[in-house]
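These protein sequence lines are chains S and V, in that order.
Be aware that the first sequence starts at 15, since it is given in the numbering used here, and climbs by one per residue.
Be aware that the second sequence starts at 3, since it is given in the numbering used here, and climbs by one per residue.
Data first, discussion second: the structure below is written as structure tokens.
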Amino acid sequence: MTFNLTAAGVFVALFGLVTWLGFVAARWRKADLNQLHEWGLGGRRFGTVVTWFLLGGDLYTAYTFIAVPALVYGAGAMGFFAVPYTILIYPILFLIFPRLWKIAHEKGHVTAADYVRDRFDSRYLALAVALTGILATMPYIALQLVGMEVVIGALGFPAGGFTGHIPLIIAFIILAAFTYTSGLRAPALIAVVKDMLIFVTIFAAIVIIPAKLGGYSAIFASVPQEKLLLAPPSGGSLGSYSAYITLALGSALALFLYPHSMTGILSASSGKVIRRNAAALSAYSFVLGLIALLGYMAIAAGVDKNPLYAAGFAQHGANFAVPALFLDSFSSWFVGVAFAAIAIGALVPAAIMSIACANLFTRNLYKEFWKPDCTDAEEARMAKIVSLVVKVGAVVFILAIPQAYAIQLQLLGGIWIIQLLPPILLGLFTRSFNAHALLLGWAAGTAIGTYMAASRGFVSSVYPLEIFGVTVPGYAALYSVLVNFLVAAALSPVINRLSRRGVPPLR
Amino acid sequence: MAGKDTKRGLVRHWPRFLLIIPFLLVVWVPFYNRIHPTLGDIPFFYWYQLAAILIGAGVAITVYLLEEWITPTTEQGSSDPDDGIDASGTPGDIL
């Protein structure tokens with residue numbers, strides 16, 4: 015691939031701008047950043063607009079922009095499950111999370127595990143929540159790097175060998191530095207720039223590209239018939255239908271359990287801000303739907319047959335579809351804007367994810383088990399250091415381990431994180447669940463979900479469940495969390511009765 | 003106690019039942035897994051789901067506005083005494 019000087023120039027300039035923003039963010043709404051809730055939650059003072067940008071920047075990541083169209087490009091209609099998914103997340107956000115915000119605010123909780131610790135009076139259940147969160151988030155951070163690597167490669171920076179990784183390493187050093195100094199304020203401020211760039215790029219894409227390709231009718235006409243719709247049920251199997259909707263529902267239930275979403279929610283200034291955003295964030299959903307269609311535009315533009323992009327497809331597979339489409343359709347300077355949007359789209363969630371992991375580690379492992387008497391300043395310093403360690407880990411992960419493993423781990427991460435649904439959700443609405451029962455449910459759900467993914471060789475999270483002779487392929491996360499819930503519900507009354515008889519609780 | 007709270011919660015929060023609408027729109031896959039009717043040559047499967055996003059947004063805005071109209075809240079969070087959370091910040095048993 016040839017080096018694209020104009021595009022790279024625009025890209026570097028925009029990257030420079032957000033670097034500067036990342037550092038000045040430390041002085042935005044100035045407060046003592048040696049307090050964990052100031053560094054790691056922005057002082058819980060983000061209003062409706064900032065929260066909108068922050069959550070949008072947090073949930074719609076670089077990997078989303080690359081992988082969703084890549085899935086539509088490769089698998090057709092099945093990849094569109096991202097749309098019902100994004101429709102289902104907002105009712106969930108509206109109904110559940112203002113309540114969690116209120117409790118967390120009143121009790122000073124910084125993480126979901128803090129809340130569970132307090133609610134169920136069980137440090138081991140909190141430990142399970144914290145570890146699950148950290149483990150599920152690490153590969154997610156690594157995938158943000160994949161998104162960034164794809165666009166850096168597409169700009170024509172020399173690929174391969176150690177020199178090929180230098181741009182990525184520089185980008186992550188910058189990220190680590192401003193996250194360390196500014197905490198959550200940095201991604202909140204940068205998210206504003208990121209979202210504007212994304213919106214400009216997507217609206218240009220949906221206007222310019224169809225015009226070049228002969229309109230939406232020509233785009234859909236060029237898509238192979240069998241990709242346009244889901245395969246209907248046949249031969250005693252519900253086929254794609256059940257897979258489609260369970261993927262959407264399971265992903266929607268899992269989304270806000272991720273530590274980085276939780277951090278975004280807890281940093282809001284009120285429950286009202288969250289409810290308003292449940293409506294306003296739909297603007298992103300619509301953009302995501304349009305982004306998904308870029309996969310079909312890439313098919314119509316025939317980028318996979320263009321020898322210019324053969325090397326990119328060879329290296330990145332279907333993930334190269336969108337960068338190739340942009341290179342094919344836009345003039346150089348706008349390619350720079352579009353790629354900067356994607357790369358900055360990786361920085362924002364990567365920063366929030368590393369902050370969220372750092373909060374979890376510091377509050378629920380370090381303070382809980384090693385240094386219960388640490389001061390606020392020690393706590394904040396520990397979190398800053400952990401945020402660095404997490405990012406170094408993600409870089410090492412992506413450089414040393416094949417990309418496929420990161421994708422498989424992220425898939426497992428979705429199955430693991432949804433197991434937090436019973437402890438977090440049930441605790442908000444009823445007192446009748448027992449901490450030990452929830453812990454056993456969590457263990458059962460995690461084990462069964464992991465087994466289901468393993469039985470598919472870790473390449474798919476859709477498990478063909480047999481129910482009365484009918485095969486119902488569905489998202490393993492949803493099936494396993496059902497087991498989790500049933501175990502917790504069945505054992506809670508039993509264990510509650512035992513503990514009333516004087517069996518000492520596990521502390 | 004629980005009964006009274008639940009009843010007042012229903013008065014304040016009845017609009018939340020509307021949030022079932024976005025779910026109903028997408029839950030039955032066979033309904034929208036079809037090409038026709040197309041919208042400007044865009045197959046039904048695609049334009050229907052994109053439209054469902056807009057309806058979902060409309061529902062969420064409506065629920066928000068209805069709740070504010072029934073019980074206005076302050077910027078400092080809920081002034082609603084019946085949201086099932088007692089003064090110590092512990093959630094009550096509303097299920």
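Think of the CB as a built atom: it goes at the ideal place given N, C-alpha and C, for glycine as much as any other residue.
Exposed or buried, what is residue i when buried is set at 16 or more other beta-carbons lying within 10 Å of its beta-carbon?
| i | result |
| --- | --- |
| Gly250(S) | exposed |
| Ser284(S) | buried |
| Trp16(V) | exposed |
| Lys44(S) | exposed |
| Phe29(S) | buried |
| Tyr465(S) | exposed |
| Ile212(S) | buried |
| Arg514(S) | exposed |
| Pro39(V) | exposed |
| Ile481(S) | exposed |
| Lys286(S) | buried |
| Leu434(S) | buried |
| Met162(S) | buried |
| Pro110(S) | Reading off the sequence shown, one finds Ile at residue 110(S), where the question assumed Pro. The residue is buried, with at least 16 neighbouring Cβ atoms inside 10 Å. |
| Pro98(S) | buried |
| Val484(S) | exposed |
| Gly316(S) | exposed |
Do you know offhand how far residue i's Cα is from residue j's?
| i | j | result |
| --- | --- | --- |
| Gly463(S) | Ala370(S) | 24 Å |
| Ile429(S) | Leu19(S) | 42 Å |
| Thr444(S) | Arg14(V) | 19 Å |
| Leu244(S) | Met152(S) | 32 Å |
| His123(S) | Lys405(S) | 24 Å |
| Leu454(S) | Val143(S) | 13 Å |
| Glu392(S) | Thr193(S) | 17 Å |
| Ala468(S) | Leu189(S) | 34 Å |
| Leu41(S) | Thr195(S) | The amino acid at residue 41(S) is misidentified as Leu; the sequence shows Arg. Going from the Cα of Arg41(S) to the Cα of Thr195(S) covers about 10 Å. |
| Leu1(V) | Tyr104(S) | Missing from the structure shown is residue 1(V); chain V here goes from 3 to 97 and no further. |
| Tyr323(S) | Arg290(S) | 43 Å |
| Ile421(S) | Ile72(V) | 47 Å |
| Leu269(S) | Ala21(S) | 34 Å |
| Gly459(S) | Gly170(S) | 45 Å |
| Glu120(S) | Asp132(S) | 12 Å |
| Leu67(V) | Ser296(S) | 16 Å |
| Tyr489(S) | Leu479(S) | 10 Å |
| Ala414(S) | Leu242(S) | 38 Å |
| Asn373(S) | Pro386(S) | 15 Å |
| Ala418(S) | Gly331(S) | 11 Å |
| Ile23(V) | Gly58(V) | 7 Å |
| Ile204(S) | Glu52(S) | 17 Å |
| Ile432(S) | Ala491(S) | 6 Å |
Name the chain V residues that come within less than 9 Å of residue i, Cβ to Cβ?
| i | result |
| --- | --- |
| Arg377(S) | Ordered by position in chain V, no residue passes the 9 Å Cβ test against Arg377(S), which lies about 18 Å from the chain. |
| Pro507(S) | The premise fails here: Pro507(S) is roughly 14 Å from chain V at the closest Cβ pair, so nothing lies under 9 Å. |
| Leu280(S) | By Cβ distance, chain V contributes nothing, its closest Cβ being about 13 Å from Leu280(S), past 9 Å. |
Considering only the alpha carbon of each residue, which of the options lies closest to residue i?
| i | options | result |
| --- | --- | --- |
| Glu84(S) | Ser254(S), Asp72(S) and Leu302(S) | It should be pointed out that residue 84(S) corresponds to Ala in this sequence rather than to Glu. The shortest Cα separation from Ala84(S) among Ser254(S), Asp72(S) and Leu302(S) belongs to Leu302(S). |
| Gly56(S) | Ala468(S), Arg199(S), Pro507(S) and Phe186(S) | Arg199(S) |
| Pro321(S) | Leu304(S), Leu307(S) and Leu341(S) | Leu341(S) |
| Ile101(S) | Ile63(V), Val29(V) and Ile55(V) | Ile55(V) |
| Arg36(V) | Pro437(S), Ser343(S) and Gln239(S) | Gln239(S) |
| Tyr493(S) | Ile155(S), Leu263(S) and Thr125(S) | Leu263(S) |
| Gly70(S) | Leu434(S), Ala168(S), His274(S) and Thr177(S) | His274(S) |
| Met92(S) | Leu500(S), Val484(S), Val476(S) and Leu496(S) | Val476(S) |
| Arg58(S) | Phe17(S), Trp115(S), Gly90(S) and Val97(S) | Trp115(S) |
| Ser299(S) | Gly60(V), Val65(V) and Glu69(V) | Gly60(V) |
| Ala126(S) | Leu31(S), Leu439(S) and Ser474(S) | Leu439(S) |
| Phe47(V) | Leu27(V), Val65(V), Thr64(V) and Gly58(V) | Leu27(V) |
| Pro201(S) | Ala232(S), Ser368(S) and Pro437(S) | Ser368(S) |
| Gly36(S) | Thr65(S), Leu442(S) and Lys208(S) | Lys208(S) |
Could you list which residues in chain S have their beta carbon closer than 7 Å to that of residue i, in chain order?
| i | result |
| --- | --- |
| Ile63(V) | Ala293 |
| Ile44(V) | Tyr230 and Phe234 |
| Pro74(V) | Here the premise fails: no neighbours, minimum Cβ distance about 10 Å. |
| Pro39(V) | Those within 7 Å of Pro39(V) in chain S number zero; the least Cβ separation is about 14 Å. |
Name the chain S residues whose beta carbon is nearer than 8 Å to that of residue i?
| i | result |
| --- | --- |
| Pro24(V) | Ile101, Leu102, Tyr104 and Pro105 |
For residue i, return the contacting residues in chain V, with the cut-off set at a CB-CB distance below 8 Å.
| i | result |
| --- | --- |
| Ala262(S) | Val28 |
| Arg290(S) | Tyr66 |
Would you mind telling me which residues of chain S sit closer than 9 Å to residue i, beta carbon to beta carbon, in chain order?
| i | result |
| --- | --- |
| Arg18(V) | Pro105, Phe108 and Leu109 |
Taking C-beta pairs closer than 7 Å, name the residues in chain V that residue i reaches, listed in chain order.
| i | result |
| --- | --- |
| Leu73(S) | Neighbours of Leu73(S) on chain V: none; closest Cβ ~14 Å, over 7 Å. |
| Pro98(S) | Val28 and Gln51 |
Checklist line | Complete alpha helix (DSSP H) runs within the region 440-516 of chain S (minimum length 4 residues, chain order) | finding: 449-469 and 490-514
Margin query: Runs of 3 residues minimum, wholly inside the region 59-142 of chain S: which ones carry the beta strand (DSSP E) assignment?
Written below: none
Checklist line | Every unbroken alpha helix (DSSP H) inside the region 297-356 of chain S [4 residues or more] | finding: 324-330 and 335-343
Next item on the list: Within the region 226-290 of chain S, note down every full alpha helix (DSSP H) run reaching 4 residues or more, in order along the chain.
Entry: 229-235, 239-242, 253-269 and 273-280
Checklist line | beta strand (DSSP E) runs wholly inside the region 159-195 of chain S, at least 3 long, in chain order | finding: none
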